[in-house]
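See structure below.
In our numbering, the protein residues as written are 317 to 383.
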């Protein structure tokens, strides 16, 4: 088996709730699927951001496998 490990940072919207870049996560998953990999595991960690634009950051680690 072969594995690929990727990280994607999801940014919380400044106003409202939900991630502002879920399409980026979807793109990463679809790109790996096109290469013959399937999503095996996903883990997340969260960190707050106190900058001007605010919003939390969620770091997603994705493990893909190819049989």
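Glycine included, C-beta positions come from ideal geometry on N, C-alpha and C.
Query, Result
"Apply the 10 Å Cβ neighbour rule to residue 338 and answer buried if 16 or more other Cβ atoms are within range, or exposed otherwise.", "exposed"
"For the alpha helix (DSSP H) that residue 343 lies in, which residues bound it at each end?", "338 to 350"
"Assuming residue 382 contacts residue 318 under a Cβ cut-off of 8 Å, what Cβ separation, rounded to an integer in Å, is found between them?", "5 Å"
"Among 380, 363 and 352, which one has its Cα closest to the Cα of residue 326?", "363"
"Going by other Cβ atoms of all chains shown within 10 Å of its Cβ, with 16 needed for buried, is residue 302 buried or exposed?", "Residue 302 lies beyond the range of the chain shown here (317 to 383); nothing can be said about it."
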